[in-house]
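Protein chains in written order, with my numbering: chain X, 1 to 339; chain H, 340 to 678; chain E, 679 to 1017; chain D, 1018 to 1356.
Ideal Cβ positions, reconstructed from N, Cα and C, are used throughout, including at glycine.
Here the structure is a predicted model, which means the values were calculated and not measured.
There are 4 protein chains.
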Amino acid sequence: MANSLPVLTFNPSADDYVWTFGGAPPLARVKSGDTLELFTEDCFAGRVRSEKDLVTEVCEFPFLNPQTGPFYVEGAEPGDTLAVHFVSIEPARDWAASTTVPLFGALTSTHTTATLQPPLPERVWIWQLDRERRTCLFRAHDSDTEVELPMDPMHGTVGVAPANLEVRSALVPDAHGGNMDTPEMRAGVTCYLGVNVAGALFSLGDGHARQGEGETCGVAVETAMNTVITIELVKGVPTPWPRLESDTHIMTAGSARPLEDAFRIAQVDLVQWVARDYGLSELDAYQLVTQGVESPLANVCDTNYTSVAKMRKAFLPSGTSAYGVHETLRERAAAYLAG
Amino acid sequence: MANSLPVLTFNPSADDYVWTFGGAPPLARVKSGDTLELFTEDCFAGRVRSEKDLVTEVCEFPFLNPQTGPFYVEGAEPGDTLAVHFVSIEPARDWAASTTVPLFGALTSTHTTATLQPPLPERVWIWQLDRERRTCLFRAHDSDTEVELPMDPMHGTVGVAPANLEVRSALVPDAHGGNMDTPEMRAGVTCYLGVNVAGALFSLGDGHARQGEGETCGVAVETAMNTVITIELVKGVPTPWPRLESDTHIMTAGSARPLEDAFRIAQVDLVQWVARDYGLSELDAYQLVTQGVESPLANVCDTNYTSVAKMRKAFLPSGTSAYGVHETLRERAAAYLAG
Amino acid sequence: MANSLPVLTFNPSADDYVWTFGGAPPLARVKSGDTLELFTEDCFAGRVRSEKDLVTEVCEFPFLNPQTGPFYVEGAEPGDTLAVHFVSIEPARDWAASTTVPLFGALTSTHTTATLQPPLPERVWIWQLDRERRTCLFRAHDSDTEVELPMDPMHGTVGVAPANLEVRSALVPDAHGGNMDTPEMRAGVTCYLGVNVAGALFSLGDGHARQGEGETCGVAVETAMNTVITIELVKGVPTPWPRLESDTHIMTAGSARPLEDAFRIAQVDLVQWVARDYGLSELDAYQLVTQGVESPLANVCDTNYTSVAKMRKAFLPSGTSAYGVHETLRERAAAYLAG
Amino acid sequence: MANSLPVLTFNPSADDYVWTFGGAPPLARVKSGDTLELFTEDCFAGRVRSEKDLVTEVCEFPFLNPQTGPFYVEGAEPGDTLAVHFVSIEPARDWAASTTVPLFGALTSTHTTATLQPPLPERVWIWQLDRERRTCLFRAHDSDTEVELPMDPMHGTVGVAPANLEVRSALVPDAHGGNMDTPEMRAGVTCYLGVNVAGALFSLGDGHARQGEGETCGVAVETAMNTVITIELVKGVPTPWPRLESDTHIMTAGSARPLEDAFRIAQVDLVQWVARDYGLSELDAYQLVTQGVESPLANVCDTNYTSVAKMRKAFLPSGTSAYGVHETLRERAAAYLAG
């Protein structure tokens, strides 16, 4: 049965990557129902390979966070929603890199939170990935300490072309998705993105073998990924800000500064989603969400900060989400994986 | 064996409550090693009892968030740390109240985030608590919907007298603790608070049968509590911001505005805690925390917002926290509960 | 003598306007030393003409804030600075419009500072401009009150194509300039913009007959303008954020959220400008700027907020700004005006 | 005639100073109509006297920002307004001090905007005050540069006991006034403060020979002052946030974080003041303030940031401010000065 699935494979060459959402011609045209096997390069464009490869020396701005795509989805128009379901996200290497970057990250002044202080030292950590045991090995620089953390692969970046005629760097998260850097973007999850331009023009990249919530130093356990997604176009249903759905939760992601605005966006969107699709008034939904919501931070380091609001489905009245496609996508994913 | 524990019981009368951290004479003197059985009234001082009891009509500002205490801890001095371990937190009633409050909460303009818009409608929800089944029952106002959420009792407020000669309202969270409103403050957890004045003068209140992360509408499932704590004084160890420890995690809580500053405070404190007590350099700790941290929001509605940073102990090198008292407190709690 | 000045005239037709910085082909090629006579349409694209013309009914998003340009400056390359001197800014009509716009402005919740409150009422005010007497007449809606304010014409928007491969809406202020909305952008002032792409691709628009500091309701006294600028390319001198120079002051403009970051950017840039061009160490410049700076807000309503830092030249040690072109531009302007 | 004015003189001894608003017994009881001649010590409690006197070595936290007062105003009750008119503010010495303070100021990380970076170097600048020529002389540390700035004496701190049973450090600005650090607090200005407790308990301190807007490095040109104020109690008129009035302007001062909230508070208060006292609807006042307001920053370094909103009286419809006391106070001041 699985062999009847339309599966497309994309292994971009170095020249194929794009560095923005919007403003680039499509890599390919795809259809609702398609399953895509993709390779994504790491956020450094693969240039940080050892502890000697400092970002400021080996990387070339603005050529960071390479995106695989964009894909033109046949029939997608403004006002529709694109559902991107993550079938699997698997590290393509047995190592990953993380770094400090001067004047970037949450616990340093930056070009925006500007001070007169010098930057923190620049440093690279190479993590060993044990893909069998599903672990990431941290080796300290300044001592012999080693710690093993569970692997939990995810994509930091997934998005569509933005609205308002804009072209945004792939380092930016906003209403079009982009560099949201939430660990919730893992296999088994469906991401809903509002379509702003004909064809949606979605792309993804920035694989992380794992990431803490907030991406505190600005850089996760960065690695190339072999990722499988399957997509579905939901016609006539707009989505104001990116939303996610897992088997257990519905989620929203707001991106803005200051961080409380990212929180407000995500929580308002969750309240309104619950009100609209689960039969509550807005004030009743406000009360229910207040008592039931989980609010893990995604990133507090990018050009906009991202805050996630999660509501356990078991905490909601029975209702039908306007999307109604997650189960179908799960089945299609299962068929692919069984295939 | 339990009967050998020094156990003190406090059931405040209406006049016994205090409304500030600092500025009030001690309710009692206690000693390191004492176990305290306490009653705490809800944040409304018990005045919201039905859906007709609007906060602006039945409550009297600033007499909100009554505190049980303060307790003078013998021998506590600035530079010490007070460890407050929550043995049990049990709702004292079979119902709880939540409300909207005009110009208060995260999804409305407020007296601080001031706009020219009128406030949202004022509304009360009474939740039924099933203490056997450990559930909280939500009944919608504007429809027949009912939803049951798990009970997860916690204290919104626990703190000591502040530094700098200040007296702060019990509605404020800051470096002295106070109204942090984190669901992590549940039974089984030890809270560490830096001592600012002789005797520490700690108090607690604001019990929640449960609360979502961020306390979005500003008010949790508020109820009176029968709470048991056991305390320990850690001499000569300062604590800059409140910290928590469970069997599985160490945690920090930063309170500030904007929300990214609360995040920064909590993450810096966690990085420095990990560096100091687990044998890593600060930059190595920065890297490890970045990849391992959980960052759930506590409140985004109070006078300061509170962000929590949690690190799983299993993700840390073996080390000895300077406090070294959580296990002892757990044992003492077990003895009490077995008692 | 004035007739020897190279003067170019641009009266865009409706199709000539652009709505972004970057992403549009040049309207014309110009040279360093050229003087340009321009017509700019108002931010509503001329569609709000009476108190009945509500923005949500007569305007079409994202076709707001039309830009006259972009102009390709021969020889301009990344790392250069473009100096745009405002020779004159004169209202092209004897009326101007201001409005509230739902969920836009500083004293309302917005799509970013999201709440559950309904928007403020939508309203239009038509201001009469007396170009002889240089006044703007305010007529209240809800009473017979009339107040006359001095005319003080300025451009809300002036910028170049952004860096990082981006295209930004003309409503956005950032490092490339854009919609900074500072009343300091008046005749007699030189604006310095760092060049990010070949040809700089600068444009301007959004004329205001006058504007308060902060543009509180989000909309100034908006009108079409007949504006004369003269430009100069400063080769090999980069400019990190927009800077301005008048006969009496040097100024910087930072754009970011939260507002303190806009302040930090502007003040750091001013400190570093003073240090570099006026012979002080950075710490000495920090001290001198602290005591001498004026810090008027520009806008607290746009996608980024803008904060200006102004230092009176009389408060600075004698020094030579790296630009060294303001006096030349003033002389050229005087020649034009005398012509 | 002047000798008929009730004039009281206060030269506090070292033990008389207080370090908080609220929580201290009155220094004296005064009456509406009284004129007070005061000495105020500088923010360092006079301990920084040369470039070798580093704050962290010579000052003792929290004994900073000594207040002269508090004064108990006979008959003042919650709901009233206290008008404090500055008759004169004159430096009591011919020198002043400014400093950097580690992890304090706008262009450095702080204990709240916490980073892992080391603090900026600690430095002291001694400014010479020429009280005849009304100038302040800056001498650079790292070069021979000297610059003379005009003297413009002001008080950084003036306030009353706060509401909500609180006691706040004299370093804090909030609704009770306090450490607002606005250069607008100069001679000739009336400051209106809402009374929160019986007697108001106002105090003042923190004289600055001059200060830039925003107090960028956190410390102004700090000096002791001989200051004369005259006070008036306005019964039954509440004032939500501090307001100021000069001969030419009415002004509001909002204090909060993030800075946009301080801006919102000040602008909402100005809009509502204009609406109430000058006969405009709130939306008309919103429009008029938007086009006429000046928005200079006060401080972007204290525990709350302070933003000022100023409206030129000539830009307002003729109206009568509810206070109606500024002219009387100006006359009384003139009589005193003539005396």
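- Sequence-distant Cβ neighbours of leucine 1099 of chain D in its own chain, meaning closer than 7 Å and more than five residues away, are Val1090, Ala1093, Val1177, Leu1210, Val1212, Ala1217, Phe1219, Ile1248 and Leu1250.
- Neighbours of threonine 303 of chain X across chain D, judged by C-beta separation under 7 Å, do not exist; the nearest C-beta is about 17 Å away.
- Between valine 18 of chain X and proline 70 of chain X, the C-beta gap is smaller than 8 Å, which places the two residues in contact.
- Under DSSP, alanine 931 of chain E forms a beta bridge with E:Val986.
- For histidine 833 of chain E, the beta-bridge partners assigned by DSSP are E:Gly885.
- Excluding its 5 nearest sequence neighbours in each direction, threonine 1337 of chain D has C-beta neighbours in its own chain below 8 Å: Asp1294, listed in chain order.
- Every unbroken stretch of the beta strand (DSSP E) spanning 3 or more residues and falling wholly within the segment 794 to 872 of chain E is given here in chain order: 802 to 808, 813 to 817, 824 to 828, 832 to 837 and 868 to 872.
- Within the segment 453 to 487 of chain H, the residues whose Cβ lies closer than 8 Å to any Cβ of chain D are, in chain order, Ala453, Thr454 and Leu455.
- One thing to note: valine 1164 of chain D has its Cβ no nearer than 8 Å to the Cβ of proline 769 of chain E.
- Residue burial annotation: glycine 957 of chain E is buried, with at least 16 other C-beta atoms found within 10 angstroms of its C-beta.
- Chain H has no Cβ within less than 8 Å of the Cβ of valine 101 of chain X.
- One alpha carbon belongs to valine 867 of chain E, the other to alanine 1000 of chain E, and they sit about 17 Å apart.
- Residue state for glycine 1231 of chain D is assigned as strand, using DSSP reduced to three classes.
- Under the three-state reduction of DSSP output, phenylalanine 10 of chain X falls in the strand class.
- When Cβ-Cβ separations below 8 Å define contact, tyrosine 1303 of chain D makes contact with chain E.
- Shown in chain order are the members of the segment 422 to 447 of chain H whose Cβ falls below 7 Å from a Cβ of chain E: Leu446 and Thr447.
- According to the DSSP assignment, glycine 1341 of chain D belongs to no beta strand (DSSP E), since it is labelled neither H nor E.
- Under the criterion of beta carbons closer than 8 Å, phenylalanine 378 of chain H and asparagine 565 of chain H qualify as touching, at roughly 6 Å.
- By a beta-carbon distance limit of 8 Å, tryptophan 127 of chain X contacts cysteine 136 of chain X. Their separation comes to about 5 Å.
- Taking 8 Å as the cut-off between beta carbons, the residues of the segment 1259 to 1275 of chain D near chain X are Pro1275, in sequence order.
- Distance between valine 300 of chain X and glutamate 599 of chain H, taken at the CA atoms: about 7 Å.
- In the structure shown, threonine 451 of chain H falls within a coil segment according to DSSP collapsed to helix, strand and coil.
- In this structure, DSSP gives arginine 386 of chain H a state outside helix and strand, which the three-state scheme calls coil.
- Inclusion of arginine 507 of chain H and glutamate 1183 of chain D in the CB contact set at 8 Å is warranted, their separation being smaller than that value.
- In the three-state reduction of the DSSP assignment, tryptophan 273 of chain X falls in the helix class.
- For arginine 507 of chain H, the chain D residues whose Cβ falls inside 7 Å of its Cβ are Glu1183, in order along the chain.
- Here phenylalanine 941 of chain E carries a helix assignment [DSSP, helix/strand/coil].
- Collapsing the DSSP output to three states places alanine 1045 of chain D in a strand.
- Here the segment 884 to 898 of chain E does not lie against the segment 700 to 717 of chain E, with fewer than 3 beta-carbon pairs under 8 Å apart.
- Interface with chain H (8 Å Cβ-Cβ cutoff): isoleucine 1248 of chain D is excluded.
- In this structure, the alpha-carbon of valine 607 of chain H lies about 10 Å from that of valine 628 of chain H.
- Going by DSSP, glycine 970 of chain E is part of the alpha helix (DSSP H) stretching over 960 to 970.
- Contact check for serine 143 of chain X against aspartate 623 of chain H passes: the beta carbons are separated by less than 8 Å.
- Sequence-distant partners of aspartate 1198 of chain D (beyond 5 residues in either direction) whose C-beta falls short of 6 Å from its own C-beta, in its chain, are Gly1173, Glu1232, Ala1315 and Asn1316.
- In the DSSP annotation of this structure, the continuous segment of the alpha helix (DSSP H) that includes glutamate 1074 of chain D starts and ends at 1072 to 1075.
- Among the residues of chain D, none has a CB under 9 Å from the CB of proline 405 of chain H; the nearest is roughly 12 Å distant.
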